[in-house]
Amino acid sequence: MWYVSTRGMAPRVDFEGALFSGYASDGGLFMPEELPQLDRETLCQWSALSYPGLVKELCALFIGSELIPKDDLNDLIDRAFSRFRHREVVHLSRLRNGLNVLELWHGVTYAFKDLSLSCTAQFLQYFLEKKEKHVTVVVGTFGDTGSAAIESVQGAKNVDIIVLLPKGHCTKIQELQMTTVLRENVHVFGVEGNSDELDEPIKAVFADTVFVKKHNLMSLNSINWSRILVQMAHYFFAYFQCAPSLDTHPLPLVEVVVPTGAAGNLAAGYIAQKIGLPIRLVVAVNRNDIIHRTVQQGDFSLSEAVKSTLASAMDIQVPYNMERVFWLLSGSDSQVTRALMEQFERTQSLNLPKELHSKLLEAMTSESVSDEAITQTMGRCWDENQYLLCPHSAVAVNYHYQQMDRQQPSSTPRCCLAPASAAKFPEAVLAAGLTPETPVEIVALEHKETHCTPMRRGDPWMLMLRDTVEDLSRRWKGHVLNASW
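Residue numbers (my numbering): 3 to 487.
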């Protein structure tokens with residue numbers, strides 16, 4: 003299995019190469035050169051598998067056994083999920099009036115990113131230990147990515163992690179989950195800026211390919227293919243849990259509602275659809291609606307500013323994984339994708355060609371949800387089910403309630419993805435007029451020591467980032483020299 007850049011100007015790589023890369027050297031994102039096609043028989047066999055079992059099968063399809071033999075791969079995935087609180091790892095809650103909520107948040111940090119990052123970290127350490135190499139991971143986070151990435155690698159001897167978080171734009175709990183991990187290999191910076199602004203120094207550092215290679219830099223944001231790969235399992239698990247029967251011809255459809263910001267989870271769902279899973283995708287976003295405008299009107303252009311919403315992890319203007327979606331829509335045409343993305347980067351505005359837009363509309367539909375609708379949805383779900391939704395999950399469930407209220411009966415089952423636990427968002431729960439339920443692990447964060455280096459407006463953010471990377475490289479070389487004496 004080979005991976006190519008969506009922009010077609012970078013050399014192809016194997017899974018290990020894609021894993022250790024952020025952006026490809028031409029600014030694109032890595033995608034499988036060819037997508038496998040799953041037949042009915044395979045889907046029927048997979049329908050009996052647990053969530054970890056589905057992750058194992060999907061990873062085996064996209065990771066060559068010459069890189070990670072099947073037994074090793076299975077062990078790594080079992081290890082990745084060993085700290086999850088739910089025995090199923092992922093759990094489907096069947097609520098009133100056909101509402102199915104897929105809980106993706108039973109990991110250490112109570113968010114769906116624990117699923118893909120715990121696996122990705124195991125794959126990383128597998129290759130690093132074999133080669134006695136070191137990497138520095140750089141992550142820009144809008145909330146949950148940073149804490150999940152930190153938890154997945156904290157204490158690892160071959161990995162240092164640098165996290166940039168937007169000060170005041172995450173919830174208090176999200177921030178504490180990052181700043182209270184006082185491990186030697188964890189380095190957290192609090193940036194005086196929004197999520198898009200903190201991406202700029204990271205992208206600038208990764209654009210210096212000589213520097214990236216010299217210091218073994220990599221990213222664990224959802225630009226990393228490994229995260230997309232693991233997230234595909236959400237859709238297979240949702241499908242097998244919600245499909246009424248696999249005895250019909252053709253196989254039944256299931257509608258999956260995906261709340262998204264940077265579109266990583268959406269890209270995973272679209273790939274699952276492309277390789278043969280019979281799902282209909284609904285993209286749900288908050289008031290930062292670039293994906294909604296793209297689906298509805300073909301308008302992939304920036305708004306004037308990022309809007310702060312209750313679903314803060316989705317307060318994103320530039321959903322970089324849409325590049326993967328455009329590449330797939332264009333029939334893997336890197337020339338078309340490169341031209342589209344270069345125009346967007348130049349003008350921050352893009353109208354999708356008609357043919358591409360009509361294919362996008364065939365693949366998915368979308369909705370944009372206000373804060374008012376988020377709190378109403380959280381309140382209604384509690385009233386009907388005594389079930390607390392996080393604001394991001396409410397963005398998805400809002401679509402279900404809209405369809406119900408329009409009294410449009412549908413025989414198609416629907417599954418709403420729930421990316422985080424309500425426990426992480428007590429402010430939003432209170433805004434909905436409800437009472438937060440806070441687990442003891444989260445209460446304990448308040449009393450822990452914190453560490454966070456400020457990046458103030460006017461500071462040279464890119465230089466600060468480069469200096470930190472160089473310092474970590476020197477430290478690793480010193481460690482290697484001491485070990486060899």
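Glycine residues also receive a C-beta, built at the ideal position from the N, C-alpha and C atoms.
Can the beta-carbon of residue i be found less than 8 Å from the beta-carbon of residue j?
i                 : j              : result
isoleucine 507    : methionine 234 : In this structure the chain extends from 3 to 487, so residue 507 is not present and cannot be described.
leucine 104       : cysteine 417   : yes
histidine 189     : isoleucine 225 : no
valine 371        : asparagine 288 : yes
arginine 87       : asparagine 387 : no
arginine 468      : glutamate 194  : no
leucine 465       : threonine 138  : no
glycine 271       : proline 321    : no
leucine 312       : alanine 433    : yes
threonine 143     : leucine 126    : no
phenylalanine 302 : leucine 354    : yes
threonine 440     : proline 428    : yes
threonine 379     : leucine 391    : yes
asparagine 323    : alanine 269    : yes
phenylalanine 5   : tryptophan 329 : In the sequence on display, residue 5 carries tyrosine and not phenylalanine. Contact: no.
leucine 363       : leucine 352    : no
cysteine 46       : leucine 248    : yes
glycine 266       : arginine 295   : no
serine 368        : glutamine 275  : no
valine 85         : glycine 100    : Position check: residue 85 holds arginine in this sequence, whereas valine was assumed. For arginine 85 and glycine 100, no; Cβs fall outside 8 Å.
Within its chain, find whatever has a CB closer than 8 Å to the CB of residue i; leave out the 5 residues flanking it on each side and keep chain order.
i             : result
aspartate 41  : Gly278
isoleucine 79 : Pro54, Val57, Lys58, Cys61, Cys121, Gln124
proline 81    : The residue asked about is misnamed: residue 81 is arginine in this sequence, not proline. So the qualifying residues of the chain are Gln124.
serine 52     : Glu90, Val91
If I'm right that residue i touches residue j with Cβ under 8 Å, what's the distance once you round it to whole angstroms?
i                 : j              : result
alanine 150       : alanine 113    : 6 Å
serine 395        : isoleucine 318 : 17 Å between Cβ atoms; not a contact.
glutamate 35      : arginine 14    : 6 Å
serine 221        : valine 141     : 7 Å
histidine 1       : leucine 184    : Residue 1 cannot be examined here, being either before or after the span of the chain that is shown, 3 to 487.
threonine 182     : lysine 450     : 4 Å
aspartate 146     : alanine 315    : 5 Å
glutamine 345     : leucine 304    : Actually they do not touch by this definition, with Cβ atoms about 13 Å apart.
phenylalanine 238 : tryptophan 48  : 6 Å
histidine 217     : valine 471     : 5 Å
Specify, as a first and last residue, the run of the beta strand (DSSP E) that residue i falls within.
i              : result
methionine 366 : 366-370
leucine 166    : 161-168
threonine 138  : 137-142
leucine 390    : First-last for leucine 390: undefined, no H or E at that position.
isoleucine 281 : 281-287
arginine 416   : 416-420
histidine 189  : 188-193
glutamate 257  : 256-261
proline 456    : 455-457
methionine 220 : 219-221
serine 7       : 5-7
Start and end of the alpha helix (DSSP H) containing residue i?
i              : result
glutamate 448  : Glutamate 448 -> no alpha helix (DSSP H), and no H or E assigned at all.
asparagine 267 : 266-276
proline 438    : Careful: proline 438 lies outside any alpha helix (DSSP H) and carries neither H nor E.
tyrosine 237   : 227-244
leucine 126    : 115-133
histidine 294  : 292-299
lysine 174     : 174-181
threonine 339  : 336-349
valine 155     : 146-155
lysine 205     : 197-209
alanine 424    : Premise fails: alanine 424 is in no alpha helix (DSSP H) and is neither H nor E.
methionine 324 : 324-331
Using C-beta distances below 6 Å, list every residue in its chain close to residue i, excluding the 5 sequence neighbours before and after it, in chain order.
i              : result
glycine 30     : Ser7, Thr8, Arg9
threonine 111  : Ser149, Ala150, Glu153, Gln179
alanine 243    : The sequence given here places glutamine at residue 243; alanine does not occur at that position. If we look at glutamine 243 and ignore the five residues flanking it on each side, its Cβ neighbours are Leu94.
valine 259     : Val284, Ala286, Ala398, Tyr401, Cys418
proline 456    : Gly192
asparagine 160 : Leu130, His136
glycine 66     : Met3
alanine 12     : Ala26, Ser27, Asp28
For residue i, which residues of its own chain have a beta-carbon under 7 Å away from its beta-carbon, when the five flanking residues on both sides are left out?
i                : result
leucine 106      : Val92, Phe114, Leu117, His236, Leu419, Ala420, Pro421
lysine 361       : Leu331
phenylalanine 64 : Met3, Phe17, Pro34, Leu231
glycine 381      : Ala434, Gly435, Leu436
alanine 206      : Met464
threonine 211    : Ser27
methionine 406   : Asn99
| query | Could you give the uninterrupted runs of the beta strand (DSSP E) lying entirely in the segment 49-113, keeping only those of 3 residues or more? | reply | Uninterrupted beta strand (DSSP E) stretches at least 3 residues long and entirely within the segment 49-113 occur at 93-96, 102-105, given in chain order.
| Any alpha helix (DSSP H) of 4 or more consecutive residues that is wholly inside the segment 10-41 | 17-21
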